[in-house]
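**Student:** Before we start, here is the structure in question, set down as structure tokens.
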């Protein structure tokens with residue numbers, strides 16, 4: 001049962017279908033975004049300095065894996081999690097950085113529901129796999145789980 005909250009529909013744990021694949025949209029990473037993020041959060045030379053990056057095994061600037069993960073999270077929130085009755089994240093595991101992400105890359109995301117289990121506190125634990133690709137080639141994969149309300153709250157008397 002979904003519920004209307006303002007102008008959006010909210011899905012509860014009982015609404016989530018195992019096997020459903022969500023297309024998350026895309027994000028274009030600019031050189032400025034890449035360097036700005038890295039200077040603040042992961043200031044390794046091959047992320048922030050074009051000369052150092054050019055002589056690295058990567059042959060040029062590459063994004064921090066943390067930034068790639070943050071982009072995946074943003075796409076997931078905007079396309080999916082903002083429409084679910086999320087209580088909190090439980091875990092993130094099996095994070096795999098598969099290929100470098102470079103300035104100008106267009107990152108496309110998918111989220112696949114891999115499991116839904118219910119507990120005795122009327123919560124659903126929803127497990128998902130996510131993937132970011134560039135030109136159809138995977139650059140990041142994750143598995144995570146979040147708690148959702150299993151159903152809408154009972155109406156007040």
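Residue numbers (the UniProt record's numbering): 1 to 157. Virtual Cβ for every residue (Gly too), placed ideally from N, Cα, C.
For residue 65, which of 149, 148 and 141 has the nearest alpha-carbon?
**Tutor:** One-based indexing of the chain shown puts residue 65 at position 65. The candidate whose alpha carbon is nearest that of residue 65 is 141.
**Student:** If you count every other CB in all the chains shown that lies within 10 Å of the CB of residue 9, and 16 or more means buried, which is it?
**Tutor:** To locate residue 9, count along the chain shown from 1; it is residue 9. Classification of residue 9: exposed, given that the 10 Å Cβ count is below 16.
**Student:** With 16 other CB atoms within 10 Å as the buried threshold, where does residue 88 fall?
**Tutor:** Position 88 of the chain shown, counted from the first residue, corresponds to residue 88. So residue 88 ends up on the exposed side.
**Student:** List the DSSP bridge partners of residue 37.
**Tutor:** In the chain shown, counting from the first residue as 1, residue 37 sits at position 37. Paired residue(s): none; residue 37 is not in a bridge.
**Student:** DSSP on residue 87, reduced to helix/strand/coil?
**Tutor:** Numbered from 1 along the chain shown, position 87 holds the residue referred to as residue 87. Correct three-state label for residue 87: strand.
**Student:** Helix, strand or coil for residue 62 per DSSP?
**Tutor:** One-based indexing of the chain shown puts residue 62 at position 62. Three-state result, residue 62: coil.
**Student:** Can the beta-carbon of residue 47 be found less than 9 Å from the beta-carbon of residue 29?
**Tutor:** As a position in the chain shown, residue 47 is number 47, starting the count at 1. As a position in the chain shown, residue 29 is number 29, starting the count at 1. Their beta carbons are not under 9 Å apart, which means residue 47 does not touch residue 29 by this criterion.
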